[in-house]
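In this note's numbering, the protein residues as written are 314 to 629. What follows is a single structure, written as structure tokens, with notes after it.
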Amino acid sequence: MLSRVADAIFWMSRYVERAENLARFIDVTINMQIDTPGQAGDQWEPLINATGDHEEFKERYGEATARNVINFLTFDRDNPNSIVAVLRAARENARSIRETISSESWEQLNTFYHFVRDAANGDQIHKAPGDFFAEVKNRSHLLNGVTDGTMSHGEGWHFLNMGRLLERADKTSRILDVKYFTLLPRVEDVGSPIDYLQWSAVLRSVSGFETYRKRYHGIDVEQIVEFLILDRDFPRAIKYCLIHADESLHEISGSLTGTFVNPAEQCLGRLRAELAYRDVRSIINQGLHEFVDSLQTQLNQLGDAIFGTFIDPQPV
314 MLSRVADAIF
324 WMSRYVERAE
334 NLARFIDVTI
344 NMQIDTPGQA
354 GDQWEPLINA
364 TGDHEEFKER
374 YGEATARNVI
384 NFLTFDRDNP
394 NSIVAVLRAA
404 RENARSIRET
414 ISSESWEQLN
424 TFYHFVRDAA
434 NGDQIHKAPG
444 DFFAEVKNRS
454 HLLNGVTDGT
464 MSHGEGWHFL
474 NMGRLLERAD
484 KTSRILDVKY
494 FTLLPRVEDV
504 GSPIDYLQWS
514 AVLRSVSGFE
524 TYRKRYHGID
534 VEQIVEFLIL
544 DRDFPRAIKY
554 CLIHADESLH
564 EISGSLTGTF
574 VNPAEQCLGR
584 LRAELAYRDV
594 RSIINQGLHE
604 FVDSLQTQLN
614 QLGDAIFGTF
624 IDPQPV
């Protein structure tokens with residue numbers, strides 16, 4: 314496979330996953346506004362922090378109101394991480410590899426982008442934001458289903474799957490980190506109904522509330538951290554994402570699982586091994602923020618290793 318094709322597929326899937334995750338974060342924050350109206354204003358600034366764009370937002374928008382944050386994260390074409398911007402980038406990547414993806418995938422992605430772009434021209438989103446963001450999530454699910462069902466599961470699909478899972482792992486870690494340190498700054502609120510609602514919101518942001526409740530009894534911080542980081546079976550848990558991204562990486566390289574023949578496999582294997590021998594108590598003792606910060610650094614290094622291995626290999 315040509316390196317430019319691999320790069321385009323990898324980033325197309327990452328951008329679509331990023332759009333879906335942004336819609337999830339915003340939708341849950343809107344619901345938090347409804348559930349805790351007295352603290353509505355406290356919910357929007359942490360959302361900007363979760364995306365890592367707080368400096369740019371403050372410079373251009375100032376106050377983190379609901380309308381400002383929704384516009385910045387959804388329709389702002391100058392914000393490269395807004396929903397409309399990442400879908401535009403995904404669409405351009407897909408356009409360059411039309412011969413590789415199925416026509417059904419292209420049509421669905423094209424329709425997805427135009428749906429969000431057209432919504433920017435009206436005020437309907439502010440009248441019924443929940444409906445809009447639910448539709449963004451549904452269209453992302455539809456695109457993933459169409460792609461998985463119509464694209465040959467060869468090298469191209471494995472690059473797509475790897476990009477999707479690494480983006481998902483990154484966003485799960487970000488929302489967990491921000492909740493732990495920002496959404497509930499007051500010690501006296503720990504264990505309160507507000508604490509319960511906010512941790513429930515974190516689970517709902519990854520569609521994990523029902524699955525979590527089937528496995529655990531009650532909302533417990535350590536159990537939520539364990540569920541979202543170390544669970545092997547939940548599709549948005551970090552360990553699950555890394556396990557299956559590693560499987561796709563080895564399918565691309567053709568090497569045996571548990572071995573490495575390139576820096577990308579070495580980097581991802583090391584990250585998988587670290588999670589395999591961690592438990593939730595050691596993560597909490599280390600400090601969740603410190604753990605997540607290290608994880609995100611390693612995910613960035615993994616992205617660089619994938620680029621250096623498959624997209625722009627340097628001569629030895």
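Virtual Cβ for every residue (Gly too), placed ideally from N, Cα, C. As the structure is a prediction and not an experimental result, all values here were calculated from the model.
*Quick one, are the C-beta atoms of Ala550 and Asp559 less than 8 Å apart?*
no
*Compare the C-alpha of Val341 against each of Ala447, Asp436, Asn362 and name the closest.*
Ala447
*Please work out which residues of its chain come closer than 6 Å, Cβ to Cβ, to Leu588, disregarding the five sequence neighbours upstream and downstream, and give them in chain order.*
Lys552
*Excluding five sequence neighbours on each side, which residues of the same chain lie with their C-beta closer than 7 Å to the C-beta of Ala618?*
Pro576, Ala577, Cys580
_Met475: first and last residue of the uninterrupted alpha helix (DSSP H) it sits in_ = 468 to 491
*What do you reckon, are the CB atoms on Ile414 and Thr460 nearer than 8 Å?*
yes
*Can the beta-carbon of Ser518 be found less than 8 Å from the beta-carbon of Phe370?*
Contact flag unset, no.
*Is Phe573 helix, strand or coil when you go by DSSP?*
coil
*Is it buried or exposed for His563, if we count other Cβ within 10 angstroms and need 16 for buried?*
buried
*Between the Cα of Gln437 and the Cα atoms of Arg408, Ser416, Asn384, Thr524, which residue gives the shortest distance?*
Asn384
*Cβ-Cβ separation, Ile597 to Ala542 (assumed contact under 8 Å), whole Å*: One detail in the question is off: residue 542 reads as Ile in this sequence, not Ala. Actually they do not touch by this definition, with Cβ atoms about 11 Å apart.
*Within its chain, find whatever has a CB closer than 8 Å to the CB of Leu456; leave out the 5 residues flanking it on each side and keep chain order.*
Excluding positions up to five away in sequence, the list reads Val329, Ser418, Gln421, Leu422, Phe425.
*Of the residues Leu400, Met345, Ser409, which one's Cα is nearest the Cα of Val318?*
Ser409
*asked:* Would Leu479 and Leu601 be called neighbours here (beta carbons separated by less than 8 Å)?
replied: no
*Specify, as a first and last residue, the run of the alpha helix (DSSP H) that Thr524 falls within.*
522 to 528 is the span of the alpha helix (DSSP H), which, as asked, contains Thr524.
*Leaving aside the five residues before and after Asn464 along the sequence, list all residues of the same chain whose C-beta is less than 7 Å from its C-beta, in chain order.*
According to the sequence displayed, residue 464 carries Met and not Asn. Closer than 7 Å at the Cβ level, and outside the excluded window around Met464, lie Ile414, Ser415, Ser418, Trp470.
*Where does Asp366 sit, in a helix, a strand or coil, going by DSSP?*
coil
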